[in-house]
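Top to bottom, those sequences are chains B and W.
With the working numbering, the residue at position 135 of the first sequence is 135, and numbering never jumps.
To convert a position in the second sequence, counted from 1, into the working numbering, add 461.
Below is one structure; the comments refer to it alone.
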Amino acid sequence: MLNNQVANTVIDHALSLGADFAELFIERNQVNAVNSLSSEVQSVQSGIDFGIGIRMIYGNKVLYGYTNKNDEAELKKIASALAAKDLRDPTTSSTSFNFIEPMELHPVGLPLSQGSEVASKVAYLLKADAAARKASNLISQTRGICMQRQQAIELFNSEGLHTSDTRHYIRTSLTAIASDGSEQATGSRTEGGLQGWEIHEHIDASATGDEAARQALVNLSAQPCPSGRMPVVIGNGFGGVIFHEACGHLLETTSVAKKASVFHDQMGEMIANPAVSAVDDGTLTKEWGSINIDDEGMQTRKTQLIKDGRLTSFLVDRLGAQQTGFDRTGSGRRESYKYAPASRMRNTFIEAGNDSFEDMISSMERGIYASHMGGGSVQPGTGEFNFAVTEGYYVENGKIQHPVKAATLISTGPAVLREISMVGSDFALASGMCGSVSGAVPTSVGQATLKVDDILVGGNA
Amino acid sequence: MSAQPNDNQQLAERVLSKVQSEGASGDLIIDAGESLSLKARDGELEEYKVTSSQIFGLRVIKDGRVGTAYSEASDSDALESMVEQALINASFARVEEFEKISKSDDTLATDNALLCPTDAVSIDEKIQFSLDLERKLASMDKVKNVPYNGVQDVTGQRQVFTSNGLNAQSKSRTCLSFAYALVEEDDVNAMEGLGQAARTFPSLDVDALVKQVHLNTLSILHGKPVPSKHYDVIFNAETQAEVFHVFASMFSGKSAKDGVNPMRDKVGEAIADPRLTILDNPSLTDGFGYALFDAEGTATDKLALINQGNLASLIHNSATAAYFDTHSTGHASRGPKSTLGVGVHQLEILAGTDGDSSLKAGTYLELVNLTGLHSGANPLSGNFSFGASGYLCKDGIRGQAIRGITVAGNFFDMLNKIAAIGDAPVWDWEHSSLMPSIRFSDLAISG
């Protein structure tokens, strides 16, 4: 996307300004989104993003700028403007690039560049819509979206790295709304992957509609959730958001290097119940949070974060490695050229255990079964987090009683990791978007169904 | 900016001329921005970021079908491709009987002297402000570090052109500073943050920000949960504005048209305590949500949303207005990458009659921080459950600090559980809203 000679000249210019390290990140992002509403196509949107980000590092200081133009003069102008307050004699000589072709871990079948397949996407969404409406006449509305994105990136840096990659993202979602005349409730199902529209051969539109409708109808009949401290069994798949928020963010060197993570000085120590082993893995074939290379050009890998309760690794990007001394883990990620990279998660999950769902439920005298979780957030400095329960049930005397609504789980990362006492074997991953200092990036969360012995449940019963 | 307004006008004329030559009508949004952002760490500048961006967002209507496309490139090929793609996208869409391009051929422009004033503050002085902010806060009692802090100077410009000749442009500047302090004592820690915003840099006050962030964090440090039961609650200015904005879709004409707004058939009905009057007031120039025109180029005006407890109006763009056989209220929203929607500009709740003596009488919780607003609220049902922190108060005096609790309820019910409305509205710059304190009764607190 960027002429090698231009890249060479700009990188050399940045080095001549005294930068310890310089990097160009070029991105061309093609997007297509099909939206359905009221059993019709509501809109089709498309567009092209293009830009170049320039990062210069002086010691631990990061200078970053971006532009939509790709001419040499503009790029040199930005580099000069960024370095205006840091000019010093060059410490590194000029660069010659060595192109590295990344290993293709996620081959694509139907990329966006070969066609947007709008008719096929519309058919999928309308089939899902029909299935949801067929489930019950209480389903009053559905909303569907099929979003496809093709992100081409190219990187040059002052260490001679030149590499490129193309990422293919697809995500479909249906939300069903159930209404009984006085109350409304929602349910949804989302599928996503690092692949093209060939995903439609592996996902069932009717099952998507059925599941969205089922959840909406359950929530329509839900009762106010009891509140207070109690045990909670958290369902598999997106239930893994608990680990993502409670622990994953605290293991990013973005927080660790600033000592803004409660785990910053606990490498090698027991930070979780021995039942917990956790991984961040960018290599899983065609998974939503996977990559070939990170946004600093490093080959992705599997990183064991926690083993049998003991902290074994942080998530480390280039700057984090420089600041903490830990080796890079291929975790430098960013939403787009508008952001400098930061250490971020990929597919992050708690590994499966051997406990049975029945044993978990029957062990609770009074508690909640949170079968589906929504989003949440965490404050890295203190580890305080919150999650929304999107489908939950009250459990009493070891038996599931009735659905509950408007429940939130809150605790701190260190506390909840110690309270995970049982982990099941029904492991699953689920796709989501994770927002942080370098923007919103695709990540997967995952776990088997697990039990937290004590957590604060917020409800309005 | 990447291109000057006159350059953009010529580009817009070329794009819209191409649209018309294809038998369609259209409007083009051009958003452009420049920003400087700085972050400090351990007494040194940690990040220095300079950005310049521009994006074109086209909406076309052909044979009643709407298509959109965008481009960040401004060369002829890219813009021509954008037009072609928008037309292709339109061919797949359903016929939108009510969506039209504005007939206006007005020329509108905001006042740069008011919304985009300049000052003589140098980059060196901004860097010094950033360093001072981090250094001063880090030196305060019990502050372990200042992990998140920053200074920003952002100028944004929007231009809206239509194939009918509308040319509307607005430009505004926002200077921001923010900081979070991580405070620690006896193995207990807390992190709180705050920001301030102004139209000019000299209006930012580093000492005031440092003092307030430190006070807020220290005050909450040893907070504990309160017993689970129902309490009266007063949200502070920031959290109250957050809650009202989470549920602002209850006023959306677009959601009503789409069948997903429970207020759709309640215009004219009593839905709240009769003391409650809520306006959307885009003409208040003290707010950063000031708007002269909306995304369709329609001139904005003050609008009563809830008048003395009755739902007075929904907010409309031209399409939702036509659907409900009314007129646009000047609330069209559209980004370059999105389709036509609606959105509030600046919520204003009119002052009540309760002074502090009645507003804060007896025991209540003052909530100063809410978490999980994006995930813990259901705008359709009104149900919510948020993490919270604050203070147990009596007769206006803060007592025990509170952490690790949740507050839950139903927003629509809450509008009818108002115990008192304060007589002193205050601005929340982040949500650009002007509201007095409101005391809500009987909210479920879990601790």
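Cβ coordinates follow ideal geometry from the N, Cα and C atoms, glycine included.
In this text, all values refer to a predicted model and were calculated from it rather than measured experimentally.
Could you please give me the residues that DSSP links to F288/B through a beta bridge? Per the sequence presented here, residue 288/B reads as Trp, with Phe not at that position. Answer is none; W288/B lacks a bridge partner.
Thinking C-beta only, is Q447/B closer than 8 Å to G240/B? Yes.
Within-8 Å CB hit, Q470/W to chain B: Cβ-Cβ to chain B under 8 Å: no for Q470/W.
Taking DSSP as the reference, what is the three-state secondary structure of V457/B? In the structure shown, V457/B sits in a strand (DSSP, three-state: E or B).
Consider the Cβ of K76/B: report whether some Cβ of chain W lies at a distance smaller than 8 Å. Judged by the 8 Å Cβ criterion, K76/B is not in contact with chain W.
Where does M298/B fall in DSSP's three states? Three-state result, M298/B: coil.
Using 8 Å as the limit for Cβ to Cβ distance, is L643/W near chain B? At least one chain B Cβ lies under 8 Å of L643/W.
So Y531/W contacts chain B; which residues on that side make the cut at Cβ distance below 7 Å? Result: G47.
Does any C-beta atom of chain B lie closer than 8 Å to the C-beta of M652/W? Using a Cβ-Cβ cut-off of 8 Å, M652/W counts as an interface residue toward chain B, since at least one Cβ of chain B sits closer than that to its own.
Put S421/B into one of helix, strand or coil per three-state DSSP. When DSSP states are grouped into helix, strand and coil, S421/B belongs to the strand group.
Note the first and the last residue of the continuous alpha helix (DSSP H) segment covering I767/W. Annotation: I767/W is outside any alpha helix (DSSP H); the continuous beta strand (DSSP E) that includes it extends over L764 to N768.
To the nearest angstrom, how far is the alpha carbon of T824/W from that of K510/W? Roughly 47 Å between the two C-alpha positions.
Compute the Euclidean distance between the alpha carbons of A551/W and A709/W, then round it to the nearest angstrom. Between A551/W and A709/W, the C-alpha separation is close to 30 Å.
Using a Cβ-Cβ cut-off of 8 Å, state whether T172/B counts as contacting chain W. No, its Cβ sits nowhere closer than 8 Å to a Cβ of chain W.
How many angstroms separate the CA atom of K587/W from the CA atom of K76/B? Near 23 Å, if we compare the C-alpha coordinates of K76/B and K587/W.
Which bits of chain W does E183/B rub up against, with CB to CB less than 8 Å? The CB of E183/B comes closer than 8 Å to the CB of S842 in chain W, given here in chain order.
Kindly indicate which three-state DSSP category E72/B falls into: helix, strand or coil? Three-state result, E72/B: helix.
Rounded to whole angstroms, what is the Cα-Cα separation between K69/B and K690/W? In a straight line, the C-alpha of K69/B is about 58 Å away from that of K690/W.
Residues in the same chain with beta-carbon distance under 6 Å from T172/B, minus the five sequence neighbours each way, listed in chain order, please. The beta carbon of T172/B is closer than 6 Å to those of C146 and E191 in its chain, skipping five residues each way along the sequence.
Residues within the region 588-603 of chain W neighbouring chain B, beta-carbon criterion of under 8 Å: Within the region 588-603 of chain W, the residues whose Cβ lies closer than 8 Å to some Cβ of chain B are I588, listed in chain order.
For I681/W and A862/W, which I take to be in contact (beta-carbon distance under 8 Å), what is that distance rounded to the nearest angstrom? So it is a contact: roughly 5 Å between Cβ atoms.
Using a Cβ-Cβ cutoff of less than 7 Å, which residues in the same chain neighbour A19/B once the five nearest sequence positions on both sides are dropped? Result list for A19/B: M56, I57, Y58 and A83, in chain order.
Buried or exposed: L319/B, going by 16 or more other Cβ atoms within 10 Å of its Cβ? Buried: at least 16 other Cβ atoms inside 10 Å.
Does F845/W have its Cβ less than 8 Å from a Cβ in chain B? For F845/W, the answer is yes, since a Cβ of chain B falls inside 8 Å of its Cβ.
Can you name, in chain order, every residue of its own chain whose Cβ lies under 8 Å from the Cβ of A407/B, other than the five neighbours on each side? Residues C225, I368, A370, A388, V389, G392, V457, G458 and G459 of the same chain have their beta carbon placed closer than 8 Å to that of A407/B, with the five preceding and five following residues left out of the count.
What does DSSP give as the partner residue(s) for N830/W in the beta ladder? In the DSSP assignment, N830/W is bridged to S850/W.
With burial defined as no fewer than 16 other Cβ atoms inside 10 Å of the residue's Cβ, what is the status of H402/B: buried or exposed? The residue in question, H402/B, is exposed, as its Cβ has fewer than 16 Cβ neighbours within 10 Å.
Kindly list the residues whose CB is nearer than 8 Å to the CB of S463/W, restricted to its own chain and excluding five residues on each side of it in sequence; keep chain order. Because the pLDDT at S463/W is just 43, under 50, the model does not fix this residue reliably, and the value given afterwards should be weighed accordingly. Cβ-Cβ distances below 8 Å link S463/W to A493, S513, S514, Q515 and S535 in the same chain, with the five nearest sequence neighbours on each side left out; the list follows chain order.
Please classify D317/B: is it buried, with 16 or more other beta-carbons within 10 angstroms of its beta-carbon, or exposed? Result: buried.
Take F873/W as the anchor and find which of L627/W, Q546/W, S842/W and C636/W has the nearest alpha-carbon. The shortest C-alpha separation from F873/W is found at S842/W.
Cα-Cα separation between D746/W and D889/W, rounded to whole angstroms: The sequence as given places Thr at residue 746/W; Asp does not occur at that position. Cα to Cα, T746/W sits roughly 13 Å from D889/W.
Could you spell out the range, first to last residue, of the alpha helix (DSSP H) harbouring Y124/B? Bounds of the alpha helix (DSSP H) holding Y124/B are V118 to A135.
Less than 8 Å separating the beta-carbons of C636/W and R660/W? Between C636/W and R660/W, the CB-CB gap stays under 8 Å.
Taking only beta-carbon atoms, is D180/B less than 8 Å away from chain W? No - not a single Cβ of chain W is within 8 Å of the one on D180/B.
T253/B versus S331/B, G237/B and A131/B, residue with shortest Cα-Cα distance: Looking at the Cα atoms, S331/B is the closest of the given residues.
Where H777/W sits in the DSSP three-state scheme: The answer is coil: DSSP assigns H777/W none of H, G, I, E or B.
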